[in-house]
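Numbering (my numbering), first residue to last: 49 to 352. Here's the structure, in structure tokens; my notes come after.
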Ligand SMILES: [Zn+2]
């Protein structure tokens, strides 16, 4: 579950995902492609449902995409490999997993996108009504509580608390205790619904990105949209190279993601064609390099 069960999560709607981005900070070596880039499988969170061996298999397939295209030995798995590949499970994969439970198979289609949006709008409206009603009832509760306290005080000041008054006050207090419990459980339910709505927006924006549609902006906070949804990234920090995977929808998607990040490890940058492996957004399903990928590869490594 996500941390911090609060209604604030709802207010952060839309501050979430603006793009399914594949970030890459890459530093090409002096003599790229002359020596294979070595990599190793680091930590693989079990919640992805893949063993390290299966991740290694996916990495091998990803490496083969570039090797076949270039006719060169570009990558090699090695226990002390330079690039560590890690699968880190966080809200991104968790969101997709939860939603798959709710909505079934997630599709990157326009009609699926439209139906999700409609579903969201309905649920959001209902959420708003329930939240307003709860706020009113909480106010009413506080008023009755203040009332009761005043009556307690008045009764004890008078020093003449009859049995009737005493019973009446106690009944009132018990009622209020029950009311408080019911308000609390309504609030808990609403908090859960806020998380679900957050997930929905996340998914809707993910699909919007892959369909090249405008990102839905359910912005209720006035905060700028800053967070980017990265499926994975390649980093070279102080000579420590790593590929981190956060999200993939299936095995094929993972291979494509790894091919993209291994491309960065090799020294490739992003290309413009949205269907290319090296486009900044991983939106195509094809594992074949696009002409732009091949151009970048041959510019880096020299002709075949
Ligand atoms: Zn990238």
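Built from N, CA and C at the ideal position, the CB exists for glycine as well.
Beta-carbon proximity list for residue 349, same chain, < 7 Å, skipping 5 on both sides: Once the five neighbours on either side are set aside, the close Cβ partners of residue 349 are 80, 81, 118 and 120.
For residue 282 and residue 318, believed in contact at Cβ under 8 Å, the rounded distance: That belief does not hold up - the Cβ atoms of residue 318 and residue 282 are roughly 11 Å apart, past 8 Å.
Skipping 5 residues on each side, what residues in its chain have a beta carbon closer than 7 Å to that of residue 234? So the list reads 182, once near-sequence residues are dropped.
Give the DSSP bridge partners of residue 88, in chain order. According to DSSP, residue 88 bridges with 132.
Since I believe residue 138 is in contact with residue 294 (beta carbons under 8 Å), could you give me their beta-carbon distance rounded to a whole number of angstroms? Their Cβ separation, rounded to whole angstroms, is 6 Å, which keeps residue 294 and residue 138 in contact under 8 Å.
Run the proximity test for residue 140: is its beta-carbon closer than 7 Å to any non-hydrogen atom belonging to ligand 3? Absent from the structure shown: ligand 3. Ligands present: ligand 1.
Determine the burial state of residue 320: buried for a count of at least 16 other Cβ atoms within 10 Å of its Cβ, exposed for fewer. So residue 320 counts as exposed.
Are residue 147 and residue 251 touching if we call contact CB-CB under 8 Å? Closer than 8 Å, so yes.
Delimiting residues of the beta strand (DSSP E) encompassing residue 255: That residue, residue 255, is in no beta strand (DSSP E); its alpha helix (DSSP H) goes 211-258.
Measure the CB-CB distance between residue 114 and residue 302 and report whether it falls below 8 Å. Going by C-beta atoms, residue 114 is not nearer than 8 Å to residue 302.
Where does the unbroken alpha helix (DSSP H) through residue 118 begin, and where does it stop? Under the DSSP assignment, residue 118 falls in the alpha helix (DSSP H) whose first and last residues are 100-118.
Cβ-Cβ distance between residue 290 and residue 131 below 8 Å: For residue 290 and residue 131, yes; Cβs fall inside 8 Å.
Whole angstroms are fine: how far does the CA of residue 104 sit from the CA of residue 124? The straight-line gap from Cα to Cα measures roughly 11 Å.
When every heavy atom of ligand 1 is checked, does at least one fall within less than 7 Å of the C-beta of residue 331? No; taking the cut-off as 7 Å, the Cβ of residue 331 has no heavy atom of ligand 1 nearer than that.
Please classify residue 334: does DSSP put it in a helix, a strand, or coil? Assignment of residue 334 by DSSP, reduced to helix, strand and coil, places it in the coil class.
With a 10 Å radius around its C-beta and 16 neighbouring C-beta atoms as the bar for buried, classify residue 279 as buried or exposed. By the neighbour-count rule (16 or more Cβ atoms within 10 Å), residue 279 is buried.
Any idea what DSSP makes of residue 293, helix, strand or coil? DSSP places residue 293 within a strand segment (E or B) once states are collapsed to three.
Alpha-carbon to alpha-carbon, residue 189 and residue 309: Annotation: residue 309 to residue 189 spans about 56 Å, alpha carbon to alpha carbon.
Return the CA-CA distance between residue 248 and residue 88, expressed in angstroms with no decimal places. Rounded to whole angstroms, the gap between the alpha carbons of residue 248 and residue 88 is 35 Å.
So which of 225, 165 and 134 has the shortest CA-CA distance to residue 253? The shortest Cα separation from residue 253 among 225, 165 and 134 belongs to 165.
Quick one: what's residue 123 bridged to in DSSP? According to DSSP, which records beta bridges pairwise, residue 123 is partnered with 85.
Return helix, strand or coil for residue 197, following the three-state DSSP convention. DSSP, read as helix, strand or coil, puts residue 197 in helix.
For a test of your reading of the model: does the CB of residue 328 fall under 7 Å from any non-hydrogen atom of ligand 1? Yes or no. Using a cutoff of 7 Å, the CB of residue 328 counts as near ligand 1, since one of the ligand's heavy atoms is closer than that.
Can you give the beta carbon distance from residue 245 to residue 172, rounded, assuming they're within the 8 Å contact cut? So it is a contact: roughly 6 Å between Cβ atoms.
When you measure from the CB of residue 190 to every non-hydrogen atom of ligand 1, does any distance come out below 7 Å? Result no, Cβ not under 7 Å from ligand 1.
By alpha-carbon positions, which one of 327, 331 and 169 ends up nearest to residue 344? It is 327.
Exposed unless 16 or more other CB atoms sit within 10 angstroms - verdict on residue 276: Residue confidence is low: residue 276 scores 43 on pLDDT, short of 50, so the model does not pin down where it sits. No coordinate-derived value is stated.
Expressed to the nearest angstrom, what Euclidean distance is found between the alpha-carbon atoms of residue 334 and residue 109? Between residue 334 and residue 109, the alpha-carbon positions lie close to 13 Å from each other.
Residue 303 lies in the alpha helix (DSSP H); which residues open and close that run? Segment 299-314, the alpha helix (DSSP H) holding residue 303.
Give me, in chain order, the residues of the same chain whose beta-carbon lies closer than 7 Å to that of residue 192; leave out the 5 immediate sequence neighbours on both sides. Sequence-distant partners of residue 192 (beyond 5 residues in either direction) whose C-beta falls short of 7 Å from its own C-beta, in its chain, are 224.
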